[in-house]
Structures are given as C-alpha cells and as structure tokens.
Amino acid sequence: MNNFIFHNPTKIYFTDEVEQSLEFELSKYGKNIVLVYGCGSVHKNGIFNQIVKILDKLGKNVAYIDGVMPNPTLEKLNSGVKIAREHKADFLLALGGGSVCDYTKALAVSINSSDDYWDRYFINQLEPNCDVVSLGCILTMCGTGSEMNGGSVITNEKTHQKIGKVFNDKRVFPKFSILNPKYTLSLSKYQMINGIYDAFNHILEQYFSKEDDNVSDYLAEGLMRSIISSSKIANKNPNDYKARSDIMWASTLALNTMLHCGKNGDWMVHMIGQAIGGFTNATHGATLSAISLAYYEYIMPYNIDKFKRFAINVWDIKDNKSDEEIAKLGLFAMRDWMSELDLCMNIKDLLVDESLIEDIANNVFILNGGYKELNKDEIIHILKKSF
Ligand code: NZQ
Ligand code: ZN
Numbered sequence: 002m003n004n005f006i007f008h009n010p011t012k013i014y015f016t017d018e019v020e021q022s023l024e025f026e027l028s029k030y031g032k033n034i035v036l037v038y039g040c041g042s043v044h045k046n047g048i049f050n051q052i053v054k055i056l057d058k059l060g061k062n063v064a065y066i067d068g069v070m071p072n073p074t075l076e077k078l079n080s081g082v083k084i085a086r087e088h089k090a091d092f093l094l095a096l097g098g099g100s101v102c103d104y105t106k107a108l109a110v111s112i113n114s115s116d117d118y119w120d121r122y123f124i125n126q127l128e129p130n131c132d133v134v135s136l137g138c139i140l141t142m143c144g145t146g147s148e149m150n151g152g153s154v155i156t157n158e159k160t161h162q163k164i165g166k167v168f169n170d171k172r173v174f175p176k177f178s179i180l181n182p183k184y185t186l187s188l189s190k191y192q193m194i195n196g197i198y199d200a201f202n203h204i205l206e207q208y209f210s211k212e213d214d215n216v217s218d219y220l221a222e223g224l225m226r227s228i229i230s231s232s233k234i235a236n237k238n239p240n241d242y243k244a245r246s247d248i249m250w251a252s253t254l255a256l257n258t259m260l261h262c263g264k265n266g267d268w269m270v271h272m273i274g275q276a277i278g279g280f281t282n283a284t285h286g287a288t289l290s291a292i293s294l295a296y297y298e299y300i301m302p303y304n305i306d307k308f309k310r311f312a313i314n315v316w317d318i319k320d321n322k323s324d325e326e327i328a329k330l331g332l333f334a335m336r337d338w339m340s341e342l343d344l345c346m347n348i349k350d351l352l353v354d355e356s357l358i359e360d361i362a363n364n365v366f367i368l369n370g371g372y373k374e375l376n377k378d379e380i381i382h383i384l385k386k387s388f
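And the structure:
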C-alpha cells in the first residue's frame, strides 16, 4: 500500500436525539453562531424551527445565511463572508446537504483570509494560512460525504468553473456532524436517487484506481453491495427507515477519507461531471450518472481483471465466460440498477447542448490516478458517447 496518515477529526452523532447532541457540542464554543442553510426545505419540514429553538435555549447570538443554493456560487460566498465577519462568528453551523456543508467550509477558511480566497483555495489549491472558524453540520441530505471530510466545491458563474478543493487541514473538517436519517425523509425521490448515485460513484472512483487489491477494495465492495441493496428498497418505499439510515451511513463512509487510504483514486467521472455542472448547474449526482457508463466502458480495457472482479464481487455475475465478457456483464448489471433507480443516463437530459461539448472538455481537470490518463480528445469522445 502507499504510505498514508489516517486522521479524521469529525465526531459523528448518528441519532434522532438532535437536541442533546447539539447542546453538548455548542456549549464548547462562543456565543456568536452563524446558522447557514439552503433555499427553504428546512422551513417546509420544520427542522429550522427545531434548531432555532435549541439555539435560543442555549442563549446563542445567531446570524443567518439563508438561500445557499445547490452548487453554491462564489457570489453567494462573498455575501456570506461579509455577514460572518460583521457577526464576529465564533462558530458556523451548517443545516442542509452537501451544498450547505461545502459552503460553510468555504466560509470557515475565508472569513479571516486576507487573500483572494477564490484564487487561493480553488484556483491555486492552497491550504489556509489564517485562523479557520470552527464548524459543525446537521445533515438533511446525504450523498456527498461532506459531513465528514475536508471537501468544498464552489462554482464561479462568471467563468463557468466549478472547482472542488479537498482541504487537508483538519481545522476545515466539521468538528461534529449530526446525522438523523429522519431528517432525510422529506427529500424528493429525485434528490434521494442522485445522492445514492453520488455516494456509489465516490466508491467507484476509489475502487477503480491504480493500487488494486488492498483493504480498501474489500471495504468498497461491501459498501457498494450495501448501497445497491438498500437503494432498491428505498426506491420502492422511500419511507423505509432502515434502508434510508443504511444509505446515510454508507454515504458518509464512502467519502470520509477511509477508503482512500493507500490508494490514489481516479476521480475522472467527478472531474467531467464538475465541468458539466459549471455550464449547466445540473444536480451533482445526475452529472455523474449521465457519463458513468460511457466512461467505464472506455477505461475497462485498461484493467479487465478489476472490472471482472467488480462483476463477480459486487454484482454476483457467475457466468462461465471470458474475462472480458464477465467484465461487460458487470457494467450491464450496473446499468440495469441505474435504470431501476431512474437515474439520468445521458447529458442531453441535463440540457447540455452539443455545441458545449468542446468548452466542457476544456474545463476538465485531468488527473492520473485511474487506469488510463485521458487526453482532451478522449474526454470529448466520452461526452459524445454520453449524449
Ligand atoms: O436548498 P434547500 O431548499 O434546502 O433544498 C435542497 C436542494 O434543493 C434539497 N434538500 C436538502 N435536504 C432536504 C432537501 N429537500 C427536502 N428535504 C430535505 N431534508 O435538496 C437539494 C439538493 O441539496 P444539495 O445540498 O445541493 O445536495 P447534495 O448534498 O448532493 O450536495 C451537492 C453539492 O456537493 C458537492 C457537489 O458538487 C454539489 O455542489 N460535492 C461535495 C463533495 C464533498 N464535499 O466532498 C463531494 C461531492 O462529490 C460533491 O462534488
Ligand atoms: Zn460526488
């Protein structure tokens, strides 16, 4: 295995006893809290009132940043930084999904920064050189893993760049995250399935990467089997608490840095998906599902053995066929599962116009942790295949 340091400082409360957990955690921080949330779901499902009541009871002095949109923008970050600076924030509390958590991390590293934070963190991929304001999350939508990692993805609408920074600095990780599966039950089916596919793809990105057959691969196979099984149940009955709680925890484990130990990670589906997101503002999970089959079909010849293992260990393919045929059957099984969930399977449905393909390809960051380092023509080929 590659050398690694595993240190994940986020404390997880997997519980429906939100009040006790929040009271205990927030008693450690100062009075000035900034509560960050999205575009209204927490008002509709009543979670906002529950949390504000707890903050009132604790005597906190609260400022609000509302309207954090899916795929949060740099412009929104700028306005939030002003609010948090004026409030002299002691602690940032994210209430929402990956977008709200990511946004709150970006705030945490920008409030005390004297640099241009877009350039520093996202363009130049640097770590913070200032005080980072502590943050915690109350998760209402699962899939991204943002609740237990250092990732933050921000979109610059002016340049059509959607860029993720994975912070290594442990101060950027949430101090705690409260995962209450009941909070996710009000999600639309569309958001639920896209969150499921996002988590699944995080595992694929780490599974199909250069260093094979280590501990992570066995963990990955177990997690994928769990997601396939619980997603089928949740797809038929979104109120199935057991399935929804399994999905929530599997999503966290899929991207909490553990699977990455000893591996590089591919991440090219995410790089292409993010480039699509920069032009379309499409739902993150849908940008991944739309290109996945074309991508994996393309890279399969570069490691047939691993795709064969995927077919057998994840999809229970037992046919007595050639390695290549078994590998293909694995991808067919994945396609069938994706169709069963009704995931988006082409970029046309994301309103990508064919004339945009070249621009999208130009904005893809090319990484080299997978089985095949792509060039721009290959990315265009995959995008066209996904059309
Ligand atoms: O804004 P509101 O009104 O709250 O509605 C949200 C939003 O429209 C809604 N929602 C959330 N919880 C709900 C709910 N609706 C009803 N009931 C609830 N309980 O769901 C919609 C999507 O929310 P969002 O937070 O955007 O989704 P997700 O968690 O998928 O986050 C997506 C963002 O995370 C980034 C993506 O690129 C995207 O910007 N990612 C972050 C990663 C990380 N930090 O490691 C990794 C991922 O690969 C991903 O790139
Ligand atoms: Zn993702």
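For the sequence shown, the residue numbers in my numbering are 2 to 388. Where a beta carbon is used, it is the ideal one built from N, C-alpha and C, also for glycine.
Where the alpha helix (DSSP H) through residue i begins and ends
{"i": "cysteine 138", "result": "Careful: cysteine 138 lies outside any alpha helix (DSSP H), inside the beta strand (DSSP E) at 135-140."}
{"i": "tyrosine 296", "result": "285-300"}
{"i": "valine 173", "result": "Careful: valine 173 lies outside any alpha helix (DSSP H) and carries neither H nor E."}
{"i": "lysine 233", "result": "216-237"}
{"i": "aspartate 350", "result": "Per DSSP, aspartate 350 belongs to no alpha helix (DSSP H) and is neither H nor E."}
{"i": "lysine 386", "result": "377-386"}
{"i": "phenylalanine 7", "result": "Taken as a continuous stretch (DSSP letters only), phenylalanine 7 belongs to no alpha helix (DSSP H), as it is neither H nor E."}
{"i": "lysine 45", "result": "42-45"}
{"i": "arginine 245", "result": "242-255"}
{"i": "phenylalanine 123", "result": "Premise fails: phenylalanine 123 is in no alpha helix (DSSP H) and is neither H nor E."}
{"i": "glycine 274", "result": "269-281"}
Residue(s) in a DSSP beta bridge with residue i
{"i": "phenylalanine 92", "result": "Ile34 and Ser135"}
{"i": "alanine 312", "result": "Alanine 312 pairs with nothing; no bridge assigned."}
{"i": "threonine 74", "result": "Thr156"}
{"i": "glycine 97", "result": "Leu140"}
{"i": "glycine 165", "result": "Val154"}
{"i": "tyrosine 14", "result": "Ile179"}
{"i": "asparagine 62", "result": "Asn33"}
beta-carbon residue i near ligand 1 non-hydrogen atom, thresh 6 Å
{"i": "glycine 98", "result": "yes"}
{"i": "glutamine 192", "result": "yes"}
{"i": "cysteine 1", "result": "With the chain running from 2 to 388 in the structure shown, residue 1 is simply not present."}
{"i": "aspartate 91", "result": "no"}
{"i": "serine 187", "result": "yes"}
{"i": "asparagine 150", "result": "yes"}
{"i": "methionine 259", "result": "no"}
{"i": "asparagine 157", "result": "no"}
{"i": "valine 365", "result": "no"}
{"i": "asparagine 72", "result": "yes"}
Status (buried if at least 16 other CB within 10 Å, exposed otherwise) for residue i
{"i": "serine 111", "result": "buried"}
{"i": "phenylalanine 25", "result": "exposed"}
{"i": "arginine 86", "result": "exposed"}
{"i": "glutamate 76", "result": "exposed"}
{"i": "lysine 106", "result": "buried"}
{"i": "leucine 352", "result": "exposed"}
{"i": "asparagine 169", "result": "exposed"}
{"i": "aspartate 199", "result": "buried"}
{"i": "aspartate 144", "result": "One detail in the question is off: residue 144 reads as glycine in this sequence, not aspartate. Glycine 144 should be labelled buried."}
{"i": "proline 73", "result": "buried"}
{"i": "glycine 47", "result": "exposed"}
{"i": "phenylalanine 7", "result": "exposed"}
{"i": "histidine 271", "result": "buried"}
Alpha-carbon to alpha-carbon, residue j and residue i
{"i": "glutamate 374", "j": "lysine 211", "result": "11 Å"}
{"i": "glutamate 20", "j": "leucine 96", "result": "14 Å"}
{"i": "isoleucine 100", "j": "phenylalanine 5", "result": "It is worth fixing the name first, because residue 100 is serine in this sequence and not isoleucine. Computed Cα separation, rounded: 28 Å."}
{"i": "glycine 81", "j": "glycine 39", "result": "12 Å"}
{"i": "serine 178", "j": "cysteine 138", "result": "5 Å"}
{"i": "lysine 58", "j": "aspartate 103", "result": "27 Å"}
{"i": "leucine 369", "j": "tryptophan 268", "result": "The amino acid at residue 369 is misidentified as leucine; the sequence shows asparagine. About 9 Å."}
{"i": "glycine 266", "j": "asparagine 62", "result": "42 Å"}
{"i": "threonine 156", "j": "threonine 281", "result": "11 Å"}
{"i": "isoleucine 84", "j": "isoleucine 66", "result": "8 Å"}
{"i": "lysine 12", "j": "threonine 185", "result": "20 Å"}
{"i": "aspartate 120", "j": "glycine 278", "result": "19 Å"}
{"i": "methionine 193", "j": "lysine 237", "result": "12 Å"}
{"i": "asparagine 202", "j": "histidine 285", "result": "11 Å"}
{"i": "isoleucine 197", "j": "serine 153", "result": "19 Å"}
Limits of the beta strand (DSSP E) - the one that residue i falls within
{"i": "asparagine 195", "result": "Not the beta strand (DSSP E): asparagine 195 falls in the alpha helix (DSSP H), residues 190-208."}
beta-carbon residue i near ligand 2 non-hydrogen atom, thresh 6 Å
{"i": "leucine 267", "result": "In the sequence under discussion, the amino acid at residue 267 is aspartate, which differs from the leucine named in the question. No, the beta carbon of aspartate 267 sits no closer than 6 Å to any heavy atom of ligand 2."}
{"i": "aspartate 199", "result": "yes"}
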